[in-house]
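Protein chains in written order, with my numbering: chain V, 44 to 348; chain U, 44 to 348.
By construction, the Cβ of each residue, glycine as well, lies at the ideal position given by its N, Cα and C atoms.
Bear in mind the structure is a predicted one, so any value in this text is a computation, not a measurement.
2 protein chains.
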Amino acid sequence: MLRFTLRQLEHALAIAELGSLAKAALHLGVAQPSLSASLQKLEAQLGLQLFIRHHAQGVTPSPQGLRFLNEARSLVAHGNDFQRDSTVAGMLVEGEITIGSFSTFAPVYAPKLIAGFQVLHPKARIKLEEGAQEQLLAGLRAGHYDLVLFYTLDLQDDLKVTELARVKPYVLLNANHALARKKQVSLHEMANEPLILLDILPSRTYFTRMLESAGITPKISFSSPSLELVRGLVGQGLGYSLLITRPHGDATYDGEQLAIRPLVEEVEDGVIAIAALKSLRPTRLISTFEEFCVNFFKRIHPKRP
Amino acid sequence: MLRFTLRQLEHALAIAELGSLAKAALHLGVAQPSLSASLQKLEAQLGLQLFIRHHAQGVTPSPQGLRFLNEARSLVAHGNDFQRDSTVAGMLVEGEITIGSFSTFAPVYAPKLIAGFQVLHPKARIKLEEGAQEQLLAGLRAGHYDLVLFYTLDLQDDLKVTELARVKPYVLLNANHALARKKQVSLHEMANEPLILLDILPSRTYFTRMLESAGITPKISFSSPSLELVRGLVGQGLGYSLLITRPHGDATYDGEQLAIRPLVEEVEDGVIAIAALKSLRPTRLISTFEEFCVNFFKRIHPKRP
DNA sequence: TGATAAGATAGTTTAAACCTATGTTGCGAT
DNA sequence: ATCGCAACATAGGTTTAAACTATCTTATCA
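Next comes the structure, spelled out in structure tokens:
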């Protein structure tokens, strides 16, 4: 256990610097007897006499004291650096944060998001990790992520969730599919087609729930957690898919053409949201990033009147 | 001004290490609520939330907290090093001390003294500086020397003076001098000879006082603060000298032969002493060196019964 | 020799640190 | 489902440390 206080060291250093308890007291804004006591205590705790007292003209460091004070100076400097870094960490938009992002839309939104933020706050470093919802929420609660971007489904009340945008699900078809000629497609028209399901939470729950409430039992031919694999399978004409996240472009990785059609039905929107732990007070950097996300999505998906 | 305590950092580190306030409290030997308070205060002072509380199962560091704790660990380690070095400095025979030595006998005694001490305490480093008495005492009071070796003359009561040896003054003659044939010489026999005075305090006072109390007014032909210069002048037959410090050998630097003869008169002894400031509590190293000096001179100048 | 300057000491007050007892909350077991 | 357990927070009180005011001691200088 440490037997001295940084405060005491600061006192001793000021005394050494000014060569006098009285002057040091003035400089530190404490009473002279307080310093006297502080110094005596420090000397007692260390078992070293640091200063030689010259009764009517100040003090001078003893040879031992001189060695001590040099080390003390370094320790106090270390402490000051530390304090500056720490207090500043909460106040400035600097430092590092870690964001968790739902894996399907990480590649769609995150690059622009991060790049845009970096322009405004070049001293911030942003780490991005992808994951399924479970991992994201667990990571958030475990202190691994400062914030997570995901699709809201079942809200948990230990999270502070901020809605960023609402997006409509769509039907993904092979461009040559018969229904691709229509402007919009009904779920019922697709009911007997084989469904290629994006099998990742919460997307799967979202789509199965949507089909259920439309009274449809889908024929699932394939399922995969990978958005690009689903698109590839659709591109090969193996079925249709229901999706929310909408990558730019309508070609698969292997060059097939896709068709994207809105649904006829009024279905529940997909809600893109950013979440933080309610119990974790955010730093300036975190709050700033959160606000930036809100504004970013406002620009991309402006609210209809 | 530093707004946190090393104690607080130790607490936070223990909490992080054990993942629980309760366990950390046990480990640190304090009550759990004390830790809770300590942590909350630290968080408030830094404006950072360090831990995420999981109500019934401990705490985990927040992402910000993790960065903080790493730096805190380094600071506390620094503090521990510092404390070890400091407390150890007072307890062990290690480290560095600075000795001031009266210039005429520094070359005679100091080498053996230091070499002998180094054998017993190889981790001690001893710095030696020479000077006249004024400088030595001023240096001692200013905290420049831990100890000084000198000839006692007028005792000052702010010093703790330990007598090391008593030595008799002697007459130094050219080997060819008429009186050099005698076994011992009287001051009165020399009264009309030219005196080459070692002009350094306190030696000068000592010798002039000695001659005064014998009722002799010396004919001072030369004076010099350098012992070897005085010996050289005597070697050239320019006069006699009175000395206390007795270098080994009776040749001058330029090869002349000298004769050393005791005095007939009973005169005041020269007292070799070691002194420290009364007001400065010695470290182990200082005390040990002081004792070593006492024993060293006991061997060299054993007390006559 | 007295005035002055600088630390030390004494006594008191305020603030910090700590303790015990109790409250709150989430989890797991019956 | 509920009860008990585990773990952190809160409340209230006590001890210890830090600070202040006033006074004493001592060395220096005019």
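Assign residue i to buried or exposed, taking buried as 16 or more other Cβ atoms, counted over all protein chains shown, within 10 Å of its Cβ.
{"i": "V/SER117", "result": "exposed"}
{"i": "U/SER63", "result": "buried"}
{"i": "V/PRO305", "result": "exposed"}
{"i": "U/MET44", "result": "exposed"}
{"i": "V/PRO43", "result": "Any question about residue 43 of chain V goes unanswered here, given that chain V covers just 44 to 348."}
{"i": "U/ARG127", "result": "exposed"}
{"i": "U/GLU333", "result": "buried"}
{"i": "V/LEU323", "result": "buried"}
{"i": "V/ILE263", "result": "exposed"}
{"i": "U/THR260", "result": "exposed"}
{"i": "V/GLY292", "result": "exposed"}
{"i": "V/GLN176", "result": "buried"}
{"i": "V/ARG224", "result": "exposed"}
{"i": "U/PRO348", "result": "Model confidence at U/PRO348 stands at a pLDDT of 40, short of 50, so the residue's coordinates are unreliable and nothing is read from them."}
{"i": "U/ARG342", "result": "exposed"}
{"i": "U/LEU254", "result": "buried"}
{"i": "V/GLU309", "result": "exposed"}
{"i": "U/ALA181", "result": "exposed"}
{"i": "V/GLY298", "result": "exposed"}
{"i": "U/GLU311", "result": "exposed"}
{"i": "V/HIS344", "result": "exposed"}
{"i": "U/ALA80", "result": "exposed"}
{"i": "V/LEU163", "result": "exposed"}
{"i": "U/ALA120", "result": "exposed"}
{"i": "U/CYS336", "result": "buried"}
If distances are taken between C-alpha atoms only, which option among the options comes closest to residue i?
{"i": "U/SER269", "options": "U/LEU163, U/LEU241, U/ASP189", "result": "U/LEU241"}
{"i": "V/GLY133", "options": "U/THR251, U/ASN338, U/ARG110", "result": "U/ARG110"}
{"i": "U/ALA257", "options": "U/GLU232, U/ALA68, U/GLY108", "result": "U/GLU232"}
{"i": "U/HIS349", "options": "U/LEU82, U/HIS54, U/GLY122", "result": "With chain U running from 44 to 348 in the structure shown, residue 349 of chain U is simply not present."}
{"i": "U/GLY280", "options": "U/TYR249, U/ILE259, U/PRO237, U/LEU85", "result": "U/PRO237"}
{"i": "U/LEU192", "options": "U/GLU206, U/GLN199, U/GLY186", "result": "U/GLU206"}
{"i": "V/LEU271", "options": "V/SER284, V/TYR194, V/ILE263, V/ILE259", "result": "In the sequence as displayed, the identity of residue 271 of chain V is Glu instead of Leu. Ranking V/SER284, V/TYR194, V/ILE263, V/ILE259 by Cα distance to V/GLU271 puts V/SER284 first."}
{"i": "U/PRO104", "options": "U/LEU202, U/GLN178, U/ALA120, U/LEU56", "result": "U/LEU56"}
{"i": "U/SER77", "options": "U/GLN51, U/PRO325, U/LEU61, U/GLU139", "result": "U/GLN51"}
{"i": "U/VAL210", "options": "U/PHE340, U/ASP200, U/SER266", "result": "U/PHE340"}
{"i": "V/PHE42", "options": "V/ILE315, V/VAL337, V/CYS336", "result": "Here chain V has residues from 44 to 348 only, and residue 42 of chain V is not among them."}
{"i": "V/ILE287", "options": "V/GLN199, V/TYR249, V/LYS84, V/THR326", "result": "V/TYR249"}
{"i": "U/PRO106", "options": "V/PHE335, V/ALA319, V/ASN338, V/CYS336", "result": "V/ALA319"}
{"i": "V/ASN338", "options": "V/LYS155, V/LEU183, V/VAL136, V/SER144", "result": "V/LYS155"}
{"i": "U/TYR296", "options": "U/VAL307, U/LEU254, U/GLU311, U/GLY278", "result": "U/GLY278"}
{"i": "V/ALA59", "options": "V/ALA74, V/GLU311, V/ILE95", "result": "V/ILE95"}
{"i": "U/ARG274", "options": "U/ARG247, U/ILE303, U/ARG252", "result": "U/ILE303"}
{"i": "U/LEU179", "options": "U/GLN161, U/SER146, U/VAL151", "result": "U/SER146"}
{"i": "V/LYS321", "options": "V/GLU139, V/PRO150, V/GLU114, V/LEU190", "result": "V/LEU190"}
{"i": "U/ALA99", "options": "U/ALA120, U/ALA65, U/ALA208", "result": "U/ALA65"}
{"i": "U/GLU139", "options": "U/ALA294, U/ILE329, U/LEU301", "result": "U/ILE329"}
{"i": "U/SER246", "options": "U/GLN227, U/VAL228, U/ALA294, U/SER266", "result": "U/SER266"}
{"i": "U/VAL102", "options": "V/VAL119, V/ALA185, V/SER81", "result": "V/ALA185"}
{"i": "U/PHE125", "options": "V/PHE160, V/TYR152, V/GLN88", "result": "V/GLN88"}
{"i": "V/LEU202", "options": "V/ARG46, V/ILE157, V/GLN83, V/PRO325", "result": "V/PRO325"}
Mind checking whether the beta-carbon of residue i lies closer than 7 Å to any heavy atom of the ligand GDP?
{"i": "U/ALA65", "result": "Looking at this structure, you won't find the ligand GDP or any other ligand, since it has none at all."}
Can you give the beta carbon distance from residue i to residue j, rounded, assuming they're within the 8 Å contact cut?
{"i": "V/LEU216", "j": "V/LEU222", "result": "6 Å"}
{"i": "U/GLY313", "j": "U/TYR188", "result": "About 21 Å separates the two Cβ atoms, so there is no contact after all."}
{"i": "V/GLY72", "j": "V/LEU93", "result": "In fact, because the Cβ distance is near 21 Å, the residues do not count as touching under 8 Å."}
{"i": "V/THR141", "j": "V/LYS170", "result": "4 Å"}
{"i": "V/THR48", "j": "U/THR48", "result": "6 Å"}
{"i": "U/VAL136", "j": "U/ALA167", "result": "6 Å"}
{"i": "V/GLY143", "j": "V/LEU183", "result": "7 Å"}
{"i": "U/ALA218", "j": "U/LEU301", "result": "6 Å"}
Compile a chain-ordered list of the residues in the segment 250–275 of chain V whose CB is closer than 8 Å to at least one CB of chain U. Within the segment 250–275 of chain V, no residue has its Cβ closer than 8 Å to any Cβ of chain U.
Enumerated in chain order, which unbroken segments of the alpha helix (DSSP H) with a length of 4 residues or greater are wholly contained in the segment 295–344 of chain V? Runs found: 327–343.
Going along the segment 111–135 of chain U in order, which residues come within less than 9 Å of chain V, judged by CB to CB distance? The segment 111–135 of chain U vs chain V, Cβ under 9 Å: PHE111, GLU114, ALA115, SER117, LEU118, VAL119, HIS121, GLY122, ASN123, ASP124, PHE125, GLN126, ASP128, SER129, THR130, ALA132, GLY133, MET134.
For the segment 62–76 of chain U, which residues have a CB atom closer than 7 Å to at least one CB atom of chain V, in sequence order? The segment 62–76 of chain U vs chain V, Cβ under 7 Å: nothing.
When you check each C-beta in the segment 182–210 of chain V against every C-beta of chain U, which residues fall closer than 8 Å? Listed by position along the chain: ARG184, ALA185, GLY186, HIS187, TYR188, ASP189.
Going along the segment 282–303 of chain V in order, which residues come within less than 9 Å of chain U, judged by CB to CB distance? Residues of the segment 282–303 of chain V whose Cβ lies closer than 9 Å to any Cβ of chain U: none.
If the cut-off is 7 Å on Cβ atoms, which residues from the segment 318–347 of chain U count as contacting chain V, listed in chain order? From the segment 318–347 of chain U, only LEU320, SER322, LEU323, ARG324, THR326 have a Cβ closer than 7 Å to chain V.
Using a Cβ-Cβ cut-off of less than 8 Å, list which residues of the segment 139–160 of chain U approach chain V; keep chain order. From the segment 139–160 of chain U, only GLU139, ILE140, THR141 have a Cβ closer than 8 Å to chain V.
Going along the chain, which unbroken runs of the alpha helix (DSSP H) with 4 or more residues stay wholly within the segment 206–268 of chain V? Fully contained in the segment 206–268 of chain V are the following alpha helix (DSSP H) runs of length 4 or more, in chain order: 230–233, 246–256.
Could you please tell me which residues of the segment 168–182 of chain V, in chain order, have their CB closer than 7 Å to any CB of chain U? Residues of the segment 168–182 of chain V with a C-beta atom less than 7 Å from some C-beta of chain U do not occur.
Complete runs of the alpha helix (DSSP H) confined to the segment 76–137 of chain V [at least 4 residues]: Taking only runs of at least 4 residues, the alpha helix (DSSP H) segments lying wholly in the segment 76–137 of chain V are 106–134.
Residues of the segment 85–101 of chain V whose Cβ lies closer than 7 Å to any Cβ of chain U, in chain order: For the segment 85–101 of chain V, which is checked against every Cβ of chain U, the residues closer than 7 Å are LEU89, GLY90, LEU91, GLN92, ILE95, ARG96.
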